[in-house]
Amino acid sequence: MLTQQPIDSDNTVHSNNEDVVISVENVAKKFCRDLKHSLFYGVQDIVTELTGGQRNGTVLRSKEFWALKDVSFELRRGEALGLVGSNGAGKSTLLRIISGLIHPDVGTVKVRGRVAPLIALGAGFNPILTGRENIYANMSVLGLSTREIDERFKDVVDFAEIWDALEAPVQTYSSGMAARLGFACAVYIEPDILLIDEVLAVGDVKFKMKCHRRLAQLREQGTAFILVSHNSHSVLNVCNTSIYLKKGQLIAGGATEAVVRQYEEDLCLSGSEAAKGELILPEKPRSQSAGLDIRSLYFKDEQGNRLETLICGEPANLHVECKAYQDISDANLGIIIKAFSGENDQVLYLTSASDGEYLNITPGTVTIQMQLPYCGLIPGVYSARVYVRSGVKSFDIVESFRFTVKAGQAMSRCQFYQPRTWKVTATEC
Amino acid sequence: MNHSRSLKQKPLVIYTPENRLRRPIALLQQMWRDLLASRELAWQLMRRDIKAQYRQSFLGIAWAFLPPIALAVGFTLAGEANVFNVGKTDIPYTAYVMFSTSLWQTFVEALNGPVQAVTVAKPMLTRVNFPREAIVLSKLGEVFFNFAIKLILIVALFLWFQVPVGWTVLLAPVALVHLILLGTLFGILLAPLGALYQDVSKGLTMVTSLWLFLTPVVYPVPSEGTFGMLVKFNPVTPLLVTTRELATTGVLSEVTGFWIASVFTLLGLLLTWISFRLAMPFVIERISS
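Which chain is which? The protein sequence lines are S and L, in order.
For what it's worth, our numbering labels the leading residue of the first sequence as 622, then goes sequentially.
For what it's worth, our numbering labels the leading residue of the second sequence as 444, then goes sequentially.
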């Protein structure tokens, strides 16, 4: 389980201690973005170390900042820990410390067992050499003996699906093939701890599925995971517990749902405006209008009450209030919805034209409605791009209308809301 | 339960900011463990590097022969034209230059090896925690491999010039190993710094060309003057000269110097190894993207 506080009582340390594979206690690390200073500090640290002195880890030197500060957690075998946080939050630094590449400035890290860093896909690959030769070089860098590589060689080749290209130089491989080979090498060293840093984005869908299956298999065998991702879906799917790093500080730790929700809320707050579910646009002068202006966007429920947030699975109507200066017989309302968190994936692209609905608009103020019997979006913050067109003529466009979808019921681990009913019937045989 | 027991047997690694010099026993144990652990990796890396090197080269192993031949031709012509006055050498001058140059070249390779290895392996070093000794060992292996190829040239040379060879030739490899280790010592000492600052590899090129003139490679050991003193205090001199003498005449002129340089090399190597280990995490911290 996860401990946010530094481990202070002996009881917590010794209960089930043997299952702990990673224990991070009060770890802090300084960084310096100025290259000249950074290199000089490096030399300074080396001299201090060589002369037997003790570095003063707790004090920042000029131009330094805390890349990590007071981070503590534990990871047991078979557990998967999600590591979320925006760029520069210290996620990679933490992984580097755990894999022993760099030493903490403050605190202690204890690691038991073989660590395979998936930050290192294809480390030691030489493009001139063949796939076969590179498998040997790469896997021995990751800590396997030649005999162990011999045993796993066939599995690696099968997993990477490079049978034909085995004797070809790696520089002739497609990027997908090289990535597959790197991944295969890393997962077949059968590590006790696997550090995964945003690498599951490589390869095609089929290979991704294969990767996930292999990771699940490793986890059953007791491999512990740390998964770093911007994409909250993959963290939600894989990890039971997560920690949230922000500017080097451990902000939250615990059940993944709660941690991810907090992370996503923070992400949205850090945006320019909160998602209020309503957008009122300033009136344009007649001369700048193309014939129709979008005046405001908001949601209402079926009874006509304003909705500040949508509720997953509940009905909602999007109202697009327009001021029209002319008759338009074949207006087309388009709505492109992107998930604001995660990887800004486009989740919906709806147009009235593609539904065969051509909207008839008369001059004056009109409201175009898109009626949703169910809100199928999962909880989160979204950004909609809304336009009104007629054929290829564009009347008006709203680049970003932000709104929030809240959970109505348990929705974790679903990609969308599925309306459904349940019943039991007796089957006559 | 079987699993948890097997997990318990796995070594527990602890990373702290504490200075590792304050636990010297643990440090030495770890160094020994890593040295053993890095043998296979070093072998794999060496094979990888040698294969890649020759696969991307048209002339291939000829590169082991060409520099000593070029230098020998140049100096022989210059010597015959009396451009400068070389003293008397034990063996024919052309053979002398070629053999000495091969030895010198091997020393320089050993010197540059660790610096190059760390620079080239940067992407690997910043991503995977493997025993860092492996890249140095693999370079060392490469130096021996290259020397083995040069040996073909040397044997041909000795046959051609009918250089007398005594039984002491059997001891020559010992002196040669000391010579290579001396180069490795300086190399390991500079490698961490070389990964941080490019000045090191640039400076190294300059220093080695100067160093060549302070080493009796194209001339016999001088006995007088400031120059003679400089050459005498050059630690490469006794090792290189002894290797050469063991392989040829068997009459040793630098015995004391050889032992001093050897002890210096072996002790220094242990110390630089420790410093290399201590310094590398700090280097990696600064070069990681």
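Built from N, CA and C at the ideal position, the CB exists for glycine as well.
Query	Result
Quick one: Cα of GLY630(L) to Cα of THR751(S), how far?	30 angstroms
In the DSSP assignment, the alpha helix (DSSP H) including ASP779(S) goes from what residue to what residue?	767–781
So, using beta-carbon positions, are ALA634(L) and VAL561(L) closer together than 8 angstroms?	yes
Name the residues in the region 565–582 of chain L whose C-beta lies less than 7 angstroms from a C-beta of chain S; which are they?	PRO566, MET567, THR569, ARG570, VAL571, ASN572 and PHE573
Between VAL726(L) and chain S, is any beta-carbon pair separated by less than 8 angstroms?	yes
With DSSP as the reference, label PHE920(S) as helix, strand or coil.	strand
Mind listing the chain S neighbours of LYS453(L)? Cutoff is C-beta to C-beta under 7 angstroms, in chain order.	ARG733, GLY734 and ASP813
Is ILE597(L) helix, strand or coil when you go by DSSP?	helix
Under three-state DSSP, which class holds SER761(S)?	helix
Three or more C-beta pairs under 8 angstroms: does that hold for the region 701–714 of chain S against the region 660–667 of chain S?	no
Cβ closer than 7 angstroms: which chain S residues qualify as neighbours of PRO460(L)?	ARG676, GLY678, HIS724, PRO725, ASP726 and VAL727
Any beta-carbon of chain S closer than 8 angstroms to the one on LEU484(L)?	yes
Can ILE718(S) and VAL648(S) be called in contact, C-beta distance under 8 angstroms?	yes
Keeping to the same chain, check which residues put their C-beta closer than 8 angstroms to that of HIS446(L); ignore five residues upstream and five downstream.	Caution is warranted here: a pLDDT of 46 is assigned to HIS446(L), below 50, making its placement in the model unreliable, and the coordinate value is therefore given only provisionally. Result list for HIS446(L): empty, nothing under 8 angstroms.
Alpha carbon to alpha carbon, how far is LEU939(S) from VAL1045(S)?	36 angstroms
Return the chain-ordered list of same chain residues with a C-beta closer than 7 angstroms to the C-beta of ARG463(L), the five sequence neighbours on each side being excluded.	LEU470 and LEU721
Please list, in chain order, the residues of the region 748–766 of chain S that have any C-beta partner in chain L closer than 7 angstroms.	ILE749, LEU750, GLU754, TYR757, ALA758, SER761, VAL762, LEU763, GLY764 and SER766
Can you name the residues of chain A whose CB is closer than 9 angstroms to the CB of SER720(S)?	Protein chains S and L are contained in the structure displayed, whereas chain A is not.
Just the Cα atoms here: how many angstroms apart are ILE817(S) and THR658(L)?	52 angstroms
Which term fits ASN589(L), buried or exposed, when burial requires 16 or more other beta carbons within 10 angstroms of its beta carbon?	buried
Residues of chain S with CB closer than 8 angstroms to the CB of VAL456(L), please, in chain order.	GLY721, LYS731, VAL732 and ARG733
Determine, for SER693(S), whether the minimum Cβ-Cβ distance to residues of chain L falls below 8 angstroms.	no
Listed in chain order, which residues of the region 627–643 of chain L have Cβ atoms closer than 9 angstroms to some Cβ of chain S?	PRO635, LEU636, LEU639 and TYR640
In angstroms, rounded to a whole number, what distance separates the CA positions of SER570(S) and ARG729(L)?	Here chain S covers residues 622 to 1050 and nothing more, so residue 570(S) does not appear.
Quick one: measure Cβ to Cβ for PRO738(S) and SER720(S), integer angstroms, because I've assumed they're closer than 8 angstroms.	5 angstroms
Are LEU624(L) and LEU695(L) closer than 8 angstroms when you measure CB to CB?	no
With three or more C-beta pairs closer than 8 angstroms as the rule, is the region 576–590 of chain L touching the region 549–565 of chain L?	yes
Between the Cα of SER1021(S) and those of GLU1049(S), ALA945(S) and ILE915(S), spot the shortest distance and give me the residue it belongs to.	ILE915(S)
Measuring only between beta-carbons, confirm whether LEU464(L) sits less than 8 angstroms from chain S.	yes
To the nearest angstrom, how far is the alpha carbon of PHE1016(S) from that of VAL881(S)?	39 angstroms
Return the residue from the list PHE725(L), MET567(L) and LEU619(L) that minimises the CA-CA distance to ALA704(L).	LEU619(L)
Could you tell me which chain L residues have their CB closer than 7 angstroms to the CB of ASP666(S), listed as they occur along the chain?	PHE725
Can you list the residues of chain S that ARG491(L) reaches, using a CB-CB cut of under 7 angstroms?	ASN747, LEU750, GLU754 and ALA758
Is there a Cβ from chain L that is less than 8 angstroms from the Cβ of PRO903(S)?	no
I'd like to check one pair, LEU857(S) with CYS933(S): are the Cβ atoms closer than 8 angstroms?	no
Quick one: residues in its chain with C-beta nearer than 8 angstroms to the C-beta of TRP1043(S), no 5 flanking neighbours on either side, listed in chain order?	none
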